[in-house]
Amino acid sequence: MIAVAAIVLGGLGMLIGDGVSQGMTNSLAGHANVIAHLWGAMFAVGGLLKLYGLYARRLVIELPGLYLITGGYAFYCLTVITGLRTHGLAAGVISGALTIGCVLKAHATMNRARDVAQEGGETS
Numbered sequence: 177m178i179a180v181a182a183i184v185l186g187g188l189g190m191l192i193g194d195g196v197s198q199g200m201t202n203s204l205a206g207h208a209n210v211i212a213h214l215w216g217a218m219f220a221v222g223g224l225l226k227l228y229g230l231y232a233r234r235l236v237i238e239l240p241g242l243y244l245i246t247g248g249y250a251f252y253c254l255t256v257i258t259g260l261r262t263h264g265l266a267a268g269v270i271s272g273a274l275t276i277g278c279v280l281k282a283h284a285t286m287n288r289a290r291d292v293a294q295e296g297g298e299t300s
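For what it's worth, my numbering labels the leading residue of the sequence shown as 177, then goes sequentially.
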């Protein structure tokens with residue numbers, strides 16, 4: 177669901193630009209429109225890579241997508257808290273928690289991949 181949310185939010189960011197987030201608009205002053213489009217593209221591509229990698233069982237595609245999603249949530253967290261201050265705390269805390277969750281998921285996935293690689297290497 178995190179990847180699906182990233183695709184939807186990223187798509188909105190690509191289409192709408194700086195109107196997608198008042199916090200982003202406030203915190204990035206005159207550069208918000210271009211940055212919002214780039215953020216949206218990065219976020220949507222990350223979600224697509226994550227989903228494709230997950231269903232195709234391709235870790236080399238899934239992990240970069242997860243890292244792009246992590247960056248998207250972290251960036252949104254910072255801009256919404258900076259731009260809206262206390263009014264952005266709820267969205268900022270949720271985005272921050274999603275950032276931490278994505279990092280933990282990437283770490284767990286990498287550990288599992290190492291374990292599988294070691295098991296495969298010992299049996300051959």
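Backbone N, C-alpha and C define an ideal beta-carbon position, used for all residues, glycine too.
- At a Cβ-Cβ threshold of 8 angstroms, Gly199 and Gly248 do not count as neighbours.
- Considering only Ala205, Met190, Gly189, Met177, the residue with the shortest C-alpha distance to Gly259 is Ala205.
- Each residue's CA atom was taken as its position, placing Glu295 and Leu235 some 17 angstroms apart.
- By alpha-carbon distance to Ile192, the top candidate from Ala208, Val180, Ala266, Asn202 is Ala208.
- A check of alpha carbon separations from Leu244 across Arg288, Asn202, Lys281 identifies Lys281 as the nearest.
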